[in-house]
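Undergrad: Residue numbers (full-length UniProt numbering): 1 to 660.
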Amino acid sequence: MKKEKKKRLHRIAERVKRRKAERIVDTVEGKLTVTPTGFGFVALPADEAGRHPDDIFIPPQFVGEAMDGDEVKVAILPPREDVPGDSRGPAGKIVAVLKRAREEFVGELQEGGRIKPLNRRMPDDIEITGSRRGAKPGDWVKVKLLGSEGGNWQGAITDAMGKAGEIAADLDAVMAEFDLCPRYSEADNEEALKIVPREIEREDCTKQLTVTLDPIDAKDFDDALSIMPGEKRTEVIVGVHISDVAAFIAPKSKFDKEAEKRSFSCYLPGRTLPMLPAALTARISLQAGQVSNAHTVFLTVERSSGKILSFRRAHTKIKVDHRLNYEEVQEFIDHGTAPADWSKNLQSKLKQLVEITRKMQAYRKKTEDFIDLALPEVRILCDEKTNRIVGLVSKVPRESENVVEECMLAANSAVGTQLGEISVAGLYRVHPEPEAEKIEEFTANMQEMFGITPGDLSSRKACNAFLKSLPDDPKRPIILSQLLRSLPRAYYLEKPALHFGLGKGRYCHFTSPIRRYPDLIVHQQLWNYDTGARTRSTATLAKVALDCSTKEENNDNAYFAANDRLKLRFLQEKLEAGGDLTFDGVIAKVTPAGLQLDVSELGIYGFIPNEQLKGSSYKNEHARRREAESAEWKPGKTMRVRLASIDFVRGSAVFVPAGR
Numbered sequence: 001m002k003k004e005k006k007k008r009l010h011r012i013a014e015r016v017k018r019r020k021a022e023r024i025v026d027t028v029e030g031k032l033t034v035t036p037t038g039f040g041f042v043a044l045p046a047d048e049a050g051r052h053p054d055d056i057f058i059p060p061q062f063v064g065e066a067m068d069g070d071e072v073k074v075a076i077l078p079p080r081e082d083v084p085g086d087s088r089g090p091a092g093k094i095v096a097v098l099k100r101a102r103e104e105f106v107g108e109l110q111e112g113g114r115i116k117p118l119n120r121r122m123p124d125d126i127e128i129t130g131s132r133r134g135a136k137p138g139d140w141v142k143v144k145l146l147g148s149e150g151g152n153w154q155g156a157i158t159d160a161m162g163k164a165g166e167i168a169a170d171l172d173a174v175m176a177e178f179d180l181c182p183r184y185s186e187a188d189n190e191e192a193l194k195i196v197p198r199e200i201e202r203e204d205c206t207k208q209l210t211v212t213l214d215p216i217d218a219k220d221f222d223d224a225l226s227i228m229p230g231e232k233r234t235e236v237i238v239g240v241h242i243s244d245v246a247a248f249i250a251p252k253s254k255f256d257k258e259a260e261k262r263s264f265s266c267y268l269p270g271r272t273l274p275m276l277p278a279a280l281t282a283r284i285s286l287q288a289g290q291v292s293n294a295h296t297v298f299l300t301v302e303r304s305s306g307k308i309l310s311f312r313r314a315h316t317k318i319k320v321d322h323r324l325n326y327e328e329v330q331e332f333i334d335h336g337t338a339p340a341d342w343s344k345n346l347q348s349k350l351k352q353l354v355e356i357t358r359k360m361q362a363y364r365k366k367t368e369d370f371i372d373l374a375l376p377e378v379r380i381l382c383d384e385k386t387n388r389i390v391g392l393v394s395k396v397p398r399e400s401e402n403v404v405e406e407c408m409l410a411a412n413s414a415v416g417t418q419l420g421e422i423s424v425a426g427l428y429r430v431h432p433e434p435e436a437e438k439i440e441e442f443t444a445n446m447q448e449m450f451g452i453t454p455g456d457l458s459s460r461k462a463c464n465a466f467l468k469s470l471p472d473d474p475k476r477p478i479i480l481s482q483l484l485r486s487l488p489r490a491y492y493l494e495k496p497a498l499h500f501g502l503g504k505g506r507y508c509h510f511t512s513p514i515r516r517y518p519d520l521i522v523h524q525q526l527w528n529y530d531t532g533a534r535t536r537s538t539a540t541l542a543k544v545a546l547d548c549s550t551k552e553e554n555n556d557n558a559y560f561a562a563n564d565r566l567k568l569r570f571l572q573e574k575l576e577a578g579g580d581l582t583f584d585g586v587i588a589k590v591t592p593a594g595l596q597l598d599v600s601e602l603g604i605y606g607f608i609p610n611e612q613l614k615g616s617s618y619k620n621e622h623a624r625r626r627e628a629e630s631a632e633w634k635p636g637k638t639m640r641v642r643l644a645s646i647d648f649v650r651g652s653a654v655f656v657p658a659g660r
């Protein structure tokens, strides 16, 4: 009897073992991304040929104790009805967390001693153990993760950061969540003012009429422009003058190391976190009325076509004659209206700059077929001194900004070309071609949502033809936004590669060395080349390129987190004051739970739950979408909505149809 029982147990164990072996086909390692809805994707490293395998889809029930950003081991699962895969690749189950992306996070303390994380990709409800360190419900706190028991996460408060809803505390919370470097200390600023600039032979350009052109509230001025006749009557020379930051920041100096750690200036609403000490930034900015050290790219441009015939680079001395802003220059372009203190010479030079940059852009469009995906952006204005929200402002592309952008693009391209000609290593800005799977997914979405067939979008020509075919209606911004998300993100690389969006094969960033470390690296490399000093090798710049790309994305995410939450604070103030909070919203997506809305007036996405929609009871997503095709709730449709509630911590807004 015992032998029979032993054999039976052995057979059961073998059967379980065999089933596990059948179910778990293989294990791989990669980085986990968790969506706000709970499922995830694991990105796998590229193979030897540089190809990236399909992401592994992780259903919510198989995420386990892994969190967004963790390095994980995944068991790839064979197809089964109860293990839904994603259209882009296989499904998997996380079997181990190899490395935590983070040990601390920021959230709001709730009643009952639980935490709601600021990051929507974090677990939604975390229990606090131990001391609250003086924090009260409604305060931002920093929390150390302690682990999970039975799916219930626990953490300990390490710092109380102030009341959520107060602008300073909200910005402190964003800084802590995204691990942003603080502002420089007074001691650092004083030390930076003592830096003696390095000497180099300079061309005297102080007699050329030179202007800066920036936003009206600009804080640093790292570029200026001039224009003068060329050697031939058919040519003009555009001077793109960039602050010669390398004269002040030598490689491996204290503030070079600090700049590398920060990688970029970070601009949050109402708070600027400069890459370099503010006192030094003010000192090396190209200020009006003073002689400044610059690193200049002179572009010789054909008057009739806008073709750049040649360029040269020089260290210069310049004197900025006028500080201009986009608003007044746009007024001048549109209506010919000039402020009283603008001389005839200034107006003439400005007209020449506008005319030649129009032609430069047209020539670039014809020869490089760049993709223009510029979208309007709504920003929150916040007074840095009073920490009060001033209002919302819509930022739309303007020709006054294009004047500067076209000159900067040309200078960046010229320097990228020269780095190759003189065999000096640098950091390049690259933008890969679209991934076929992402474009296929975008195409399928367009067909399902709007009945649009984009066709093959693997080339710039095809992308531009598709963009040109889009009607100028409420659907257009949604389509552009989805196309933008379907394209790869641009990043930095230690060797030249394609910039798909611009149509350039050797492109670097040179024109913003005060606020971007990749630009400063290029300036330092050229300084060393020009002075006969040793330049850094390509191999030594690989890690710098990766770090800068990572920090740039992190800074962008911090900006969006702060911008969205402060918009919601602004709306809450209006709501409490009894203001009219009805808006036009465009249905961007129909989901099983409700409608996702693009509220362009506010620059936010909102949500209308099912229960707020008349006659909206749907069993599943497919049924809901079929109903939507013949009902009033359809992607691209505009509807009048009213703000109903706000979740500041998660950065989301719920709307209801106006009149309800």
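Beta carbons are placed, not taken as given, at the ideal position from N, Cα and C, and that holds for glycine. Keep in mind that this is a model prediction, so the values were computed, not measured.
Going by the CB atoms, is the gap between residue 317 and residue 202 shorter than 8 Å?
TA: Yes, the Cβ-Cβ distance between residue 202 and residue 317 is below 8 Å.
Undergrad: Could you check which residue in 587, 532, 522 and 642 has the C-alpha nearest to that of residue 575?
TA: Per the Cα distances, 642.
Undergrad: Which same chain residues end up closer than 6 Å to residue 69 when comparing Cβ atoms and leaving out the 5 residues on each side of it in sequence?
TA: Excluding sequence neighbours, residue 69 sits near 101.
Undergrad: For residue 636 versus residue 586, is the C-beta spacing smaller than 8 Å?
TA: Yes. Within cutoff.
Undergrad: Flag this pair as yes or no: are the beta carbons of residue 350 and residue 273 separated by less than 8 Å?
TA: Contact: no.
Undergrad: Give the straight-line distance between the Cα atoms of residue 609 and residue 645, rounded to the nearest whole angstrom.
TA: For residue 609 and residue 645, the distance between alpha carbons rounds to 12 Å.
Undergrad: I'd like to know whether the C-beta atoms of residue 538 and residue 495 end up nearer to each other than 8 Å.
TA: Yes, the pair counts as a contact, with Cβ atoms nearer than the cut-off.
Undergrad: Return yes when the Cβ of residue 122 is within less than 8 Å of the Cβ of residue 140, no when it is not.
TA: It is not a contact, given that the beta carbons lie outside the stated cut-off.
Undergrad: Give me the Cβ distance between residue 34 and residue 92, rounded to the nearest whole Å; I'm assuming they're in contact under 8 Å.
TA: With a Cβ gap of about 14 Å, residue 34 and residue 92 do not count as contacting.
Undergrad: With respect to the alpha helix (DSSP H) encompassing residue 369, which residues constitute its N-terminal and C-terminal limits?
TA: Note, residue 369: premise wrong, no alpha helix (DSSP H); not H, not E.
Undergrad: What's the C-alpha gap between residue 256 and residue 517?
TA: Near 9 Å, if we compare the C-alpha coordinates of residue 517 and residue 256.
Undergrad: Quick one: is residue 393 buried, meaning 16 or more other Cβ sit within 10 Å of its Cβ, or exposed?
TA: It counts as exposed.
Undergrad: Which residue marks the beginning of the beta strand (DSSP E) containing residue 595, and which one marks its end?
TA: From DSSP, the beta strand (DSSP E) with residue 595 extends over 594-599.
Undergrad: Give a yes or no on whether the C-beta atoms belonging to residue 98 and residue 73 are separated by under 8 Å.
TA: The answer is yes: Cβ separation under 8 Å.
Undergrad: In the DSSP assignment, the alpha helix (DSSP H) including residue 442 goes from what residue to what residue?
TA: Per DSSP, residue 442 belongs to the alpha helix (DSSP H) from 436-450.
Undergrad: In chain order, what residues of the same chain lie with their CB nearer than 6 Å to the CB of residue 159, ignoring the 5 residues before and after it?
TA: The residues are 142.
Undergrad: Tell me the rounded alpha-carbon separation between residue 169 and residue 271.
TA: Residue 169 and residue 271: Cα-Cα distance of roughly 12 Å.
Undergrad: For a test of the three-state rule: what should DSSP assign to residue 498, helix, strand or coil?
TA: Residue 498 falls in the coil class under three-state DSSP.
Undergrad: Apply the 10 Å Cβ neighbour rule to residue 252 and answer buried if 16 or more other Cβ atoms are within range, or exposed otherwise.
TA: Classification of residue 252: exposed, given that the 10 Å Cβ count is below 16.
Undergrad: Please state whether DSSP places residue 559 in a helix, a strand or coil.
TA: Residue 559 falls in the helix class under three-state DSSP.
Undergrad: For residue 140, name the three-state secondary structure that DSSP assigns.
TA: Strand, per DSSP.
Undergrad: Can you tell me whether residue 212 sits near the ligand SAH, meaning its C-beta is under 7 Å from at least one heavy atom of the ligand?
TA: Although the ligand SAH was asked about, the structure shown includes no ligands whatsoever.
Undergrad: With H, G and I counted as helix, E and B as strand and the rest as coil, what does DSSP make of residue 382?
TA: Residue state, collapsed to three classes: strand.
Undergrad: Between residue 273 and chain B, is the shortest Cβ-Cβ distance under 8 Å, so that the two count as touching?
TA: Considering every chain present, this structure includes no chain B. It has just one protein chain.
Undergrad: If the criterion is Cβ atoms closer than 8 Å, does the pair residue 410 and residue 299 meet it?
TA: Result yes, Cβ atoms of residue 410 and residue 299 sit closer than 8 Å.
Undergrad: Enumerate in chain order the residues of its own chain whose CB-to-CB distance from residue 288 is below 6 Å, with the five nearest sequence positions on each side excluded.
TA: For residue 288, where only same-chain residues beyond five positions count, the Cβ hits under 6 Å are 320 and 323.
Undergrad: Quick one: Cα of residue 352 to Cα of residue 138, how far?
TA: Rounded to whole angstroms, residue 352 to residue 138 spans 56 Å at the Cα level.
Undergrad: Which value, in whole angstroms, describes the spacing of the CA atoms of residue 30 and residue 44?
TA: Answer to the nearest angstrom: the Cα atoms are 5 Å apart.
Undergrad: Check for me: the alpha helix (DSSP H) holding residue 478 runs from which residue to which?
TA: Taken as a continuous stretch (DSSP letters only), the alpha helix (DSSP H) holding residue 478 covers 475-486.
Undergrad: When the Cβ atoms of the stretch 355-371 are set against those of the stretch 454-469, are three or more pairs found closer than 8 Å?
TA: Result yes; three or more Cβ-Cβ pairs closer than 8 Å.
Undergrad: Might you give, ordered along the chain, the residues of its own chain that have their beta carbon closer than 6 Å to the beta carbon of residue 184, omitting 5 neighbours on each side?
TA: So the qualifying residues of the chain are 277.
Undergrad: Check for me: the alpha helix (DSSP H) holding residue 518 runs from which residue to which?
TA: From DSSP, the alpha helix (DSSP H) with residue 518 extends over 517-531.
Undergrad: Rounded to a whole number of angstroms, what is the C-alpha to C-alpha distance between residue 279 and residue 165?
TA: C-alpha separation (whole angstroms): 31 Å.
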